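Trainee: Residue numbers (the working numbering): 156 to 422.
Sharing a structure with you now.
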Amino acid sequence: MSRIKDCFARLETAGRKALIPYVTAGDPSPAVTVPLLHAMVEAGADILELGVPFSDPMADGPVIQLACERALSHGTRLLDVLDMVAQFRTTDSQTPIVLMGYLNTVEVLGYESFATRAKAAGVDGILTVDLPPEESDDFIEVMRAAEIDVIYLLAPTTDESRIKSVCEKGSGYIYYVSLKGVTGSAALDVAAVEEKLKQVRRHTDMPLGVGFGIRDDASARAVSQIADGVIVGSVLVNRIAELATQPQQIPEQVSRIIAGMRAAMDA
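Listed below in structure tokens is the structure:
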């Protein structure tokens, strides 16, 4: 059983939902990332989404774009991110890690080289924002051979046939984007999200994670009532940006946000 599948199975048995924080690797500097990952797990994170810095993150809003710029300014590249995962794995062999980014960085390395290195480092899943399922058969084949889950996005505008396609090709969990627009957009409509998740569940028994628009304990709790996973990113990256000149405070400060959401979800 994969680490992701095992994680969701354990949470279901315990009657809990997954809390899945996203941070960009190397933001605001490479030395912060691994201690931050451990701190988030200690605060209640179940799965970690680790962003791979990219120069043109078109699906992301200004918060994540600036995080990528901060990471890239220190020279953080895909191989550096894999090194961070390997370092994390020296003391945590259980928490799943999903890399999130854009296909170009993987293509530069080559699918097979990436899969081999990612598996060796301890990566469990990959989400490439700009790779549509219709064009991903070769990618899926290589990742599955390395036992790396390929995770896809669904959006409020996704039609029935594409939902079916994503559910057939994806593994690990489905990432449902709760809002139209880029990361950091406003106004989460929980009722609308619930209706869409019902539509998705007709096609798969994979866990459904919901991201975009989760900003506080209340929104995390509301989403945890209707989804299998709560994905939170921009609010954490904003806090990291605020503390960019005080990086030693980042693990503790971000952990406070995670712990509050964890408590709200479990209440």
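Glycine included, every Cβ here is placed at the ideal spot set by N, Cα and C.
Computed from a predicted model, the values in this text were never measured in an experiment.
Using 10 angstroms around the beta-carbon of Ala169, count the other beta-carbons present and answer buried if the total reaches 16, otherwise exposed.
Mentor: Its Cβ having fewer than 16 others within 10 Å, Ala169 is exposed.
Trainee: For a quick check, are the C-beta atoms of Leu363 and Ile318 less than 8 Å apart?
Mentor: No, these two residues do not count as a Cβ contact at 8 Å.
Trainee: Ala241 and Thr179 - do their beta-carbons sit closer together than 8 Å?
Mentor: The answer is no: Cβ separation not under 8 Å.
Trainee: Considering only the beta carbon of each residue, do Ala422 and Ala375 sit closer than 8 Å?
Mentor: Contact flag unset, no.
Trainee: Under 8 Å, do Val297 and Ala270 count as touching if we go by C-beta distance?
Mentor: Yes; because the gap between Cβ atoms is below 8 Å, this pair is in contact.
Trainee: Ignore the nearest five residues each way along the sequence and tell me which others in Pro212's own chain have a CB closer than 7 Å to its CB.
Mentor: Within the same chain, Pro212 has close Cβ partners Ile219, Gln220, Cys223, Tyr257.
Trainee: Taking the straight line between their C-alpha atoms, what separation do you get for Tyr266 and Ser316?
Mentor: Tyr266 and Ser316: Cα-Cα distance of roughly 27 Å.
Trainee: Can you tell me which of Gly325, Lys274, Ala275, Ser228 puts its alpha carbon nearest to the alpha carbon of Glu290?
Mentor: Ranking the options by Cα distance to Glu290, first place goes to Gly325.
Trainee: DSSP on Met255, reduced to helix/strand/coil?
Mentor: Strand, per DSSP.
Trainee: Could you check where the alpha helix (DSSP H) with Glu290 kicks off and where it finishes?
Mentor: No alpha helix (DSSP H) holds Glu290; DSSP gives it neither H nor E.
Trainee: Below 8 Å, how does it come out for the region 385-397 and the region 352-370: are there three or more Cβ pairs, yes or no?
Mentor: Yes: at least three Cβ pairs fall under 8 Å.
Trainee: So within the region 196-278, which uninterrupted beta strand (DSSP E) runs reach at least 3 residues, ignoring any that extend past its ends?
Mentor: For the region 196-278, whole beta strand (DSSP E) runs of length 3 or above, ordered along the chain, are 203-206, 252-256.
Trainee: How would you write the range of the alpha helix (DSSP H) that Leu352 sits in, first residue to last?
Mentor: Taken as a continuous stretch (DSSP letters only), the alpha helix (DSSP H) holding Leu352 covers 345-356.
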